[in-house]
Each structure stands twice: as structure tokens, then as C-alpha cells.
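Residues 1 to 543 in UniProt numbering are what the sequence shown lists, from first letter to last.
Quick reminder that beta carbons are idealized off the backbone N, C-alpha and C, glycines included.
Worksheet for the structure shown next.
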Amino acid sequence: DFSTAFFNSIPLSSSLAGTMLSSHSGPPLLPLDPSTPVPFSSSKPSTEPVAGTRPVGDAASKDGVNTATAPTTPSPSVLTTPSKIEPMKAFDSRFTERSKATPGTPALANVTPTAVERLKEQSLEKELRPRDVLESSSDSDEKAPAAKPPSLSKRKLELEVEAVEKKKKGRPRKDSRLLPVSLSVQSPAALTAEKDTVCVSVPAPALKLPMPGPQRAFTLQVSSDPSMYIEVENEVTAGGGLKLSRLKCSREGKEWETVLPGRILTAAGSGDVVCVACEKRMLSVFSACGRRLLPPILLPSPISTLHCTGPYVMALTAAATLSVWDVHRQVVVVKEESLHSILAGSDMTVSQILLTQHGIPVMNLSDGKAYCFSPSLSTWNLVSDKQDSLVQCADFRSSLPPQDAMLCSGPLAIVQGRASTSGRQAARLFSVPHVVQQETTLAYLESQVAAALALRSSHEYRHWLLLYARFLVSEGFEYRLREICKDLLGPVHTSTGSQWESTVVGLRKRDLLKELLPVIGQNLRFQRLFTECQEQLDLLRDK
1 DFSTAFFNSI
11 PLSSSLAGTM
21 LSSHSGPPLL
31 PLDPSTPVPF
41 SSSKPSTEPV
51 AGTRPVGDAA
61 SKDGVNTATA
71 PTTPSPSVLT
81 TPSKIEPMKA
91 FDSRFTERSK
101 ATPGTPALAN
111 VTPTAVERLK
121 EQSLEKELRP
131 RDVLESSSDS
141 DEKAPAAKPP
151 SLSKRKLELE
161 VEAVEKKKKG
171 RPRKDSRLLP
181 VSLSVQSPAA
191 LTAEKDTVCV
201 SVPAPALKLP
211 MPGPQRAFTL
221 QVSSDPSMYI
231 EVENEVTAGG
241 GLKLSRLKCS
251 REGKEWETVL
261 PGRILTAAGS
271 GDVVCVACEK
281 RMLSVFSACG
291 RRLLPPILLP
301 SPISTLHCTG
311 PYVMALTAAA
321 TLSVWDVHRQ
331 VVVVKEESLH
341 SILAGSDMTV
351 SQILLTQHGI
361 PVMNLSDGKA
371 YCFSPSLSTW
381 NLVSDKQDSL
391 VQCADFRSSL
401 PPQDAMLCSG
411 PLAIVQGRAS
421 TSGRQAARLF
431 SVPHVVQQET
441 TLAYLESQVA
451 AALALRSSHE
461 YRHWLLLYAR
471 FLVSEGFEYR
481 LREICKDLLG
491 PVHTSTGSQW
501 ESTVVGLRKR
511 DLLKELLPVI
521 GQNLRFQRLF
531 TECQEQLDLL
541 RDK
């Protein structure tokens, strides 16, 4: 019920704003009325109690702002107005999170923007140090002084300025009440902009792989034994001005052909399937006799490379996404997996692509590293590194069989692309301490076994597992050897809760253990382990 003239007679000084931030007890602050236009910008609602031991007039006069005499109020409850509480920008966000709008809270004076501008000019005249530096660093120009009463005379203002100058002797002192306001208070918009600046990261550049260009005709040799060729002819004129593409496949003297509506960009084949990638991101798959197996597959982006091995079809797109399908079972093996994790961060390129007989894609990169994708783990696994120091230090000559049956073929040997005796040759070039050479050889053999297992190459897995077991026997690593035997043997007595698998990459584990037992028996230290495994195998055989 109070008039606006009375509210205008109570300005909000910078000292009062400093007091509001530096205290935690006392009578509640006067919040803004949402119905009155004020120059303060909104933040979070707050009715946090702050210190108010001094009258408003005293706080204002200490900063050199002349205030009109206000009628004495018996208690703060006289100024209560039940209205929706709007926040003050001068509050720190720490004081506003716990506040709730409560009835009976005093309302703040109605302050006009023109009064704020006049008070800014007076502040610049009476302050000896530059206030604009502090005010520009935050929003203090909106939350420091509030209003100048229109009844102020020029003479009174000059007396006030002289009184302030007398207080500031010598070097101008810093206003300790203003500093917390200007340094710690930020508007929500400023906080949001600052968070966006910190959190937003520059997006990585999109990978772009080369795409095959359209050709009038091309021929592709799929295999030499048996002899198999694919011939493609684009823009074959049909009736009515239409143009088609002809696909012809010849295998051991038997030929078949078919036509497609779009131009063929690339083709691939195996003994089981033939696939072609056409324009408009279409992929068509045919059987070995030319029968269409699937409707055209729409790729997510244009084709870059196409491969076939057995019933598996692999498509690598220009956007560096990889997909593998088993067309016989009509299931997906790898679904649009990105190559960004293995190609990002450098100028590496894909130098060789391999698709194993089990549908495992392998990417050989220009830096000498090769990765295979594990469908069960959904991860890219490093299976080869030509700059690996373990290869240079490893020496497993003592673990080689008498016939030196080291030359084994498989995807791991193709990917690594080096002779199996490179470790022995490198070991002769420089002297390595025995302990270091023992550890590096052990780590190298374990990595070979794991890589063959990831590639699901049964022949190479058996080969490197036998070499690894021989090395463990010759060097006396009993704990590792016992763990291998326990995994290959499995539970002797059948149990419903057993998680043991009897095969690994198509090989029977107990048959592998039978091959390891003669190797284990060569070392007298492992006679007990040999006897235990032999007895368990005999017991299982009798069952």
C-alpha cells in the first residue's frame, strides 16, 4: 500500500550489495516485485537471509550517496506484499539454490533506469580510482547503485563528494565490499556461455575413402584354381532407348549372365557367391550359378571396396563404415562399424583388406599395424605391428620342434607378412639379457596365440599354442602351464552349472591336451602335472 515515491527514496547502494553477499544472517532482503520494471536482470529465485544490522540509509551514506529521509517503519513486516518473487542479479548462485518464495517478504523499491544512469555519472565524478574496470568485468553496473532521489541539490552533492574525499587519505583505498560483487557474481547467460565455451569440442573431420569410378567395361579374376572370372559391361542399349548393365561370370567353362538396371561400379566373388555394387548405393548378391539371393541392399553411403570369402560379403563404404553379411544364413556379422577409431589422428590409409573364412574383417594400415574386428566383442583388436619391439627381442629357438615346422599358412601369417624366423635372426644381431629376452619371448608367444584366436584361425592357433607350451616347459613356468592344462581338460565330472566349452576355434580341447602331454613329460619338474592330466584323460576315456 505504499506509494512509489516512498520506494524511490530508498536507493540500493553498492555497499548494500556488498553486504548482501558477505553475510548470512539478519533480516531478509527486499526482493524485486515482478510487476515493476527494473534494470536488474533475472537469475535464480532467492530469499536467502543476509545481514541487515545497519539501516538502509546508513549503508547508503557510507558510500557517499545522499538519500532522502524515509519515514521510520516499526518493523520490516510493514512492507510485505504477497507477490511472486523474482530474483536479483546481485545474488551469487550459491545463495539462490535453497530459496523458496514465501509470503510476507518485503518488496524492493521501484527503480527507474534513468535514475541509474544519473547515479552512474555521479559515481564516475566522485571516485578517485577507475570504477569502470571493475564494473566491466561483471554485471556490477546493474547491481551496484540503484536510484538518485529527484530532490537532491547540487550543493548537497558537492558536500558529499568532499566528505568522501576526506575519508580517502593518500592513496585511494579499494572498496572491499564492491570487490566480491564484481569478481564473483555472474549472470546465468554468462555462465551458460562460459560452459558452452569449455564443453563444446571441435568435431573430428569426417573420413573419406576413395570410391571406384564408373567404367564402360571391366574384367575381374576371382580365383585361379579353380579359374573364375567376372565380366561387367555397362550402358548396354536396350529397346526404347533404355540402358542396362550386363554381368557375366565364367567358372571352369560354365558361364551365366544377368542384367541390372544401374551401372556397376565394382564387383567381387568367391566359390559361393558373386556380388556387385551399383550406382545409387545398391548392392546385389547372386549365387555361384547366377541366382539372386537377396533383394538389392541399400548401403548407407557409396561403395569404396567390396570383398567376398565363402558365403561372407564385406562392403566398405566411402564414409569408412564396414559391414559383413553371411548371405547363406542371411544374418549380419558386422553392422556398419566405423573405421574412425583405427584411422583417426593421423594420415594413415588402408593398404590391405582381408576377409577370413570365418567372416572376420582385417584392416592392414599404411603404418604397419593390422586390426581385426571381433563380432563377439564389438572391438578392433591389434593383431600385428611391424614395428613391435617384442618381435626383435623374442627368441624361441629352444621351443621349435625338430623338423622346424614353422611355416604355417593362415590369415595371421598373411597379415604379418614376415618370415617366422625373424625373431631368431634379430636375436643374433645384438645381445639381450636373458631375463629380458625370456619376458619378451613369453609376451610375443602369448600375443601370437591371442591373435590367432581372434582371427579364428584353427591351424595357426594350434601351431602357436604348441610353441607356447614348449617354451613354458623349457623355461619352467609351471603356473601358466597348469592353467592351460586345466582349461583344456575341463571338468572331469559333468555338472549343470559348468561354463566350459569343449572346443576352441573348431578344435577339441582334450585332443590338444593329448598333444601337449608328451611335451610336458620332457621336463622332470612337471612329472606330477603330467601324471595328473594323464590319469584324468584315462578316466574320461573309460567313461
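Within the chosen definition, does the segment 375 to 392 reach the segment 235 to 251 through at least 3 CB pairs nearer than 8 Å?
The count of Cβ pairs closer than 8 Å, one atom from the segment 375 to 392 and one from the segment 235 to 251, stays below three, leaving the stretches out of contact.
Integer Cβ distance of Leu339 from Ala320, believed to fall under 8 Å:
4 Å
Beta strand (DSSP E) containing Thr317: first to last residue?
312 to 317
So Arg246 is in the beta strand (DSSP E); what residue range does that whole segment cover?
243 to 251
Is there contact here, the segment 509 to 527 with the segment 471 to 484, by at least three beta-carbon pairs under 8 Å?
Verdict: yes, contact present.
Please classify His493: is it buried, with 16 or more other beta-carbons within 10 angstroms of its beta-carbon, or exposed?
exposed
Determine which residues share a DSSP beta bridge with Thr356 and list them.
Answer is none; Thr356 lacks a bridge partner.
Glu279 in three-state terms, based on DSSP
coil
Can Leu481 and Lys509 be called in contact, C-beta distance under 9 Å?
no
Could you check whether Val313 and Val268 sit closer than 9 Å to each other, using their CB atoms as the reference points?
Note that residue 268 corresponds to Ala in the displayed sequence, not to Val. Yes, they are a contact pair.
According to the neighbour-count rule (16 or more other Cβ atoms, all chains shown, within 10 Å of its Cβ), is Ala217 buried or exposed?
Of the other Cβ atoms in all chains shown, fewer than 16 fall within 10 Å of the Cβ of Ala217; this residue is therefore exposed.
Can you tell me where the alpha helix (DSSP H) holding Thr494 begins and where it ends?
Element bounds for Thr494: n/a, residue is neither H nor E.
Any heavy atom of the ligand MN closer than 8 Å to the CB of Cys372?
In the structure shown, the ligand MN is absent, as is every other ligand, since no ligand is present at all.
Assess, as a yes-or-no matter, whether the segment 442 to 450 is touched by the segment 380 to 398 under the definition of 3 or more beta carbon pairs within less than 8 Å.
yes
Who are the near neighbours of Tyr371 in its chain, counting only those whose CB is closer than 8 Å to its CB and skipping five residues on each side?
Ile342, Val362, Met363, Leu365, Trp380, Asn381, Leu382, Val383
Nearest CA to the CA of Leu260: which residue from Lys243, Lys543, Val415, Leu517?
Lys243
In this structure, does DSSP put Gln221 in helix, strand or coil?
strand
Just to check my reading of the structure: Ile230 and Val274 have Cβ atoms closer than 8 Å, yes? What is that Cβ distance to the nearest angstrom?
6 Å
What is the DSSP secondary structure of Thr440, reduced to helix, strand or coil?
helix
Residues that Phe373 bridges to, as DSSP identifies them
As a beta-bridge residue in DSSP terms, Phe373 pairs with Trp380.
Are the CB atoms of Thr258 and Arg281 within a distance shorter than 9 Å?
no
Decide if Trp500 is buried, meaning its Cβ has at least 16 other Cβ atoms within 10 Å, or exposed.
exposed
For the segment 286 to 340, list the alpha helix (DSSP H) runs that are entirely contained and at least 4 residues long, ordered along the chain.
none
Apart from the five residues just before and just after Cys533, which ones in its own chain have a Cβ nearer than 7 Å to its Cβ?
Cys485, Leu489, Leu513, Leu517
Boundaries of the alpha helix (DSSP H) in which Val519 is found, first to last residue:
509 to 520
Just to confirm before moving on: does the CB-CB distance between Leu466 and Val519 stay below 9 Å?
yes
Spatial distance of Val391 from Thr441 (CA atoms):
8 Å
Burial state of His328, where buried means 16 or more other Cβ atoms lie within 10 Å
exposed
Can you look up residue 610 in the DSSP assignment and give me helix, strand or coil?
The requested residue 610 does not occur in the structure, where the chain is confined to residues 1 to 543.
Rounded C-beta distance between Leu412 and Ser457? I'm assuming under 8 Å.
6 Å
Tell me the DSSP bridge mates of Trp256?
Cys249
CA-to-CA distance, Val331 to Gly417, given in whole angstroms:
32 Å
Excluding sequence positions up to five away, which residues of its chain have a Cβ less than 8 Å from the Cβ of Glu336?
Pro300, Thr321, Leu322, Ser323
For Glu460 and Gly239, what's the separation of their Cα atoms in angstroms?
55 Å
Neighbourhood of Ile414 by C-beta distance below 8 Å, restricted to the same chain and skipping five residues each side
Leu354
Measure how close the beta-carbons of residue 579 and Thr309 come, nearest whole angstrom, since I'm counting them as under 8 Å.
This structure cannot speak to residue 579, because the chain is shown only from 1 to 543.
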